Amino acid sequence: MENNNDKNNIDDVEVMEEKIIDYDDLCEDDKYFLMLKNVIVETGKQYDLDKIRKGFILSREEHRGQLRKSGDPYILHPVATAIILVELGMDTDTVVAALLHDVVEDTQATSEDIKKIFGSEIALLVDGVTKLKDVPFISRERQQAENVRKMLFAVAQDVRVIIIKLADRLHNMRTLEYQTEEKKRIKALETMEVYAPLAHRLGMSAMKQELEDLAIHYLDPIACSEIEKQLTLCKEERQNFIDNIIERIGERLQKENVKAHIFGRVKSTYGIYRKEFIQCKDFNEIYDVYAVRVIVDSVMECYNVLGFIHDMMKPIPNRFKDYISTPKQNMYQSLHTTVIDKEGIPFEVQIRTWEMHYTAEYGVAAHWKYKLGMNGKNGTLDEKLTWIRQLLDSQKESDDAEEIVKSIKTDIAADEVFVFTPRGDVISLPVGSTVIDFAYAIHSAVGNKTVGGKVDGRMVSLDYQLKTGSIVEIITSNNPNNGPSRDWLKIVKTSEARNKIRAWFKKEKREENIAEGKLALEKEFHRNLIALPESDKETFLLELANRQRFNTIEDFWAAIGYGGVSLQKIIPRVKEDFYKKYRAESKAVIADNIIKKTKSKTSSGVIVEGLEGCLVKFAKCCTPLPGDEIVGFVTRGFGVSVHKKDCINLNIANVDQERIVKCSWATETNEKFKSTIEIIGEDRPGFLADVSIALSNAKVSIHTLLAREIKNNHSSIQATISIKDLEQLNSVMATLRRINGVTSVNRIVQ
Ligand code: MN
4 MENNNDKNNI DDVEVMEEKI IDYDDLCEDD KYFLMLKNVI VETGKQYDLD
54 KIRKGFILSR EEHRGQLRKS GDPYILHPVA TAIILVELGM DTDTVVAALL
104 HDVVEDTQAT SEDIKKIFGS EIALLVDGVT KLKDVPFISR ERQQAENVRK
154 MLFAVAQDVR VIIIKLADRL HNMRTLEYQT EEKKRIKALE TMEVYAPLAH
204 RLGMSAMKQE LEDLAIHYLD PIACSEIEKQ LTLCKEERQN FIDNIIERIG
254 ERLQKENVKA HIFGRVKSTY GIYRKEFIQC KDFNEIYDVY AVRVIVDSVM
304 ECYNVLGFIH DMMKPIPNRF KDYISTPKQN MYQSLHTTVI DKEGIPFEVQ
354 IRTWEMHYTA EYGVAAHWKY KLGMNGKNGT LDEKLTWIRQ LLDSQKESDD
404 AEEIVKSIKT DIAADEVFVF TPRGDVISLP VGSTVIDFAY AIHSAVGNKT
454 VGGKVDGRMV SLDYQLKTGS IVEIITSNNP NNGPSRDWLK IVKTSEARNK
504 IRAWFKKEKR EENIAEGKLA LEKEFHRNLI ALPESDKETF LLELANRQRF
554 NTIEDFWAAI GYGGVSLQKI IPRVKEDFYK KYRAESKAVI ADNIIKKTKS
604 KTSSGVIVEG LEGCLVKFAK CCTPLPGDEI VGFVTRGFGV SVHKKDCINL
654 NIANVDQERI VKCSWATETN EKFKSTIEII GEDRPGFLAD VSIALSNAKV
704 SIHTLLAREI KNNHSSIQAT ISIKDLEQLN SVMATLRRIN GVTSVNRIVQ
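Quick note, the sequence shown lines up with residues 4 to 753 if you use the working numbering.
If you want it as structure tokens, here you go:
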């Protein structure tokens, strides 16, 4: 605050002018300047070094005396940000603006000063980045919405602003360890929810991946160390496997006279995290942990290579994706296929041209680095950014901050499906979109008249979820009695469809809205045990309506009816008011209700002391079973992870004991748990069959069964099975021990 006032103070302006900055300093012995210069020289690209040096000097002088949390001089941060941008191949102006990006905000220099010395283009870039600084704290959600909106406007003006902001965030994330716990959490979450999706939408996958990997380490450190352990566990084996595949594909392509560059790729930590902890896949079920990438010169060769690979190895059905003929909205293009080699191990192959490769890695930044995507068949850079304008347009009408953030998260972050109209136009929608979403994406009039849908010529229900490549036909009716149904609000995925349906109800059906809203409110009252004395009802409701800025109870009911007021949001406050007023009579009822709730919230089979109803997941490291002694670990942002009490991950020195909470098993649960056991026995024909028969007789379902030879003519079988509790596991293990030739059966924990 004080800083801003100072800027309008004449004395200080004079101080500014008195400050003599020596722009002739060649900085030959300044280690920070040399860091930047070396990276620039290495690129071999043309940069205006003199301009960059001037930018460096102004930044260094203005930030003189300021320190980073790490103890380094502040200038390190703008220099590191500039280096990231040089590595992305950005131009001189972007690099200079990066050096100056914190100058207007944090020092005496003004935007005018920058304009005078460096010209208006750089001043505009710096201004753009400065404006993206955090808005005053409202609610986290609203603040985020505000930030996202600003960022999108910035992109619409000059995408370089956002690229600088992403580089700035990347360096801050790389040095996040020096921040307070609270700041770490806020920054990591914001990076995950806003910055990484933005990088994704701009096609900057290298940037996106590093941001996500840095953030997830702060959000869920335990799971990350589990993943890293899994990755190192069989690193050598996998590396040999991939090397062998690369060699075989290489030989074949050489024989076919295709010039190709082939290399292996490891999935990012966060990529594995998503599959393992969010989509709940077993580590071994993740086909693309390791993938092979083939890069060729032309599109024609991409399809040829695909043919050769399918000829060499068996493709897995439904895993082939052609992002060359239908690029992702963020410009990504490649062919993806998953194949099985002769040893039965599935892996993914990605085939693309060099141009597609650069676009995939650098996204919009490839425009500067490789002069790509400026014209021709891929459309201009401007066209590629139209989605931002569309998103901004669709947000104009909504003023509910949480709604905005929600739709930005789904609209930006979700993966897309591509479907076709009968005429062959491509419509892209988020994954999970239905026939109704499609209808509204074409036009609201089509959506409102929809009575049915056909996918690839077959009638489907309205909640049918569309798949890429389908041809979708909407059946409409002009009967004025037809219109959207309220149930559609529960089915649709896109905010566009939801807003259009609500708009229709708001406009067309006042009487119905009132009835609907009244009923919904009464139901909600009933569910929350809000029983008003008949005599007080009207006053209570009117007060409630007025507080929501409605003049009459009817208007209020109508708004609930078309979805303009969310009951979930207002009910807690209403409940509080009600209990305050009528406390005495309802005390008993409340207590009863609380007990009911606590009991029902143990669907995971675990009761976490003091944290009823929290998100519970089971640690993959020790896979606890009912009967085991367990404890919970409060992760940052992803609920409580349940470990065995003696799990080594919780019994090492640097575990924060404060975050360990008591847990117990719920007495009644129908949950099944995954458990892995190892059976060792003499290697004989039929051994594996006997084990799987014994398991199926014991009525346990098998997830994976892996057999391999070990020394002394013995085999080891690792079986991952579904188990109810420790007792059942022990009995299954006893059964297995009775199999002919079995020497040991053990539960595998780590
Ligand atoms: Mn900064």
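No residue lacks a Cβ here, since even glycine has one placed at the ideal position from N, Cα and C. On a predicted model such as this, the values are computed, not experimentally measured, just so you know.
Taking one beta carbon from each stretch, the segment 445-455 and the segment 478-491 have 3 or more pairs nearer than 8 Å; the two touch. Residue pairing by DSSP places E685 opposite H717 in a beta bridge.
The C-alpha of T329 is placed about 22 Å away from the C-alpha of K496.
Residue range 447-452 is occupied by the alpha helix (DSSP H) that includes G450, with no beta strand (DSSP E) assigned at that position.
Note on geometry: alpha-carbon atoms of I275 and E229 lie some 11 Å from one another. For K620, DSSP records a beta bridge to S644. Taking every protein chain shown into account, the CB of A126 has 16 or more other CB atoms within 10 angstroms, so this residue is buried. In this structure, G608 sits near W668, with a CB-CB distance shorter than 8 Å. Per DSSP, reduced to three states, the secondary structure at C666 is strand.
The beta carbon of H446 sits no closer than 7 Å to any heavy atom of the ligand MN.
Counting only residues of its own chain and dropping the five nearest sequence neighbours on each side, H220 has a CB closer than 7 Å to the CB of C227.
For F581, the enclosing alpha helix (DSSP H) starts and ends at 570-584. The alpha-carbon separation between Y365 and V44 amounts to approximately 20 Å. Taking the Cα positions, T183 is about 15 Å away from A218. Counting along the chain, R172 sits inside the alpha helix (DSSP H) bounded by residues 162-177.
Distance from the Cα of A112 is smallest, within the candidate group V735, I60, R71, for I60. V748 has I682 as its beta-bridge partners, per DSSP. The C-beta distance from V302 to T362 rounds to 13 Å, too long to meet the 8 Å contact threshold. Of the heavy atoms belonging to the ligand MN, at least one sits nearer than 7 Å to the Cβ of H80. Secondary structure note for M462: its beta strand (DSSP E) is the uninterrupted segment 461-463. With a cutoff of 8 Å on beta-carbon distance, H104 and D161 are scored as not near each other. The way I'd put it, the segment 66-78 doesn't touch the segment 114-128; fewer than three beta-carbon pairs between them come closer than 8 Å.
In this structure, I354 places its C-beta atom within 8 Å of the C-beta atom of V308.
For a cut-off of 8 Å, the C-beta gap from F280 to K620 is around 7 Å, short enough to register as a contact. Distances between the C-beta of D105 and the heavy atoms of the ligand MN include at least one below 7 Å.
Going by C-alpha positions, E90 is about 41 Å away from I445. Taking C-beta atoms as the reference points, E351 and H360 fail to come closer than 8 Å. Between I166 and L88, the CB-CB gap stays under 8 Å. Setting aside the 5 residues that flank it on each side, T46 is surrounded in the same chain by V89, each with a C-beta closer than 7 Å to its C-beta; the list follows chain order. Short of 6 Å from the beta carbon of V297, and not among the five residues preceding or following it, lie these beta carbons of its own chain, in chain order: A263, I265, V308, I354. If you compare the alpha carbons of T110, V164, S123, I120 with that of L135, the shortest gap goes to V164. Here the alpha carbons of E240 and R741 stand approximately 33 Å from one another. In the same chain as I78, and ignoring 5 residues on each side of it, the C-beta atoms closer than 7 Å to its own belong to Y35, S62, R63, H66, in chain order. Nearest to R576 by C-alpha distance, out of D558, L256, I533, is I533.
For Y565 and D466, the gap between their C-alpha atoms comes out near 20 Å.
For V197, the three-state secondary structure derived from DSSP is helix.
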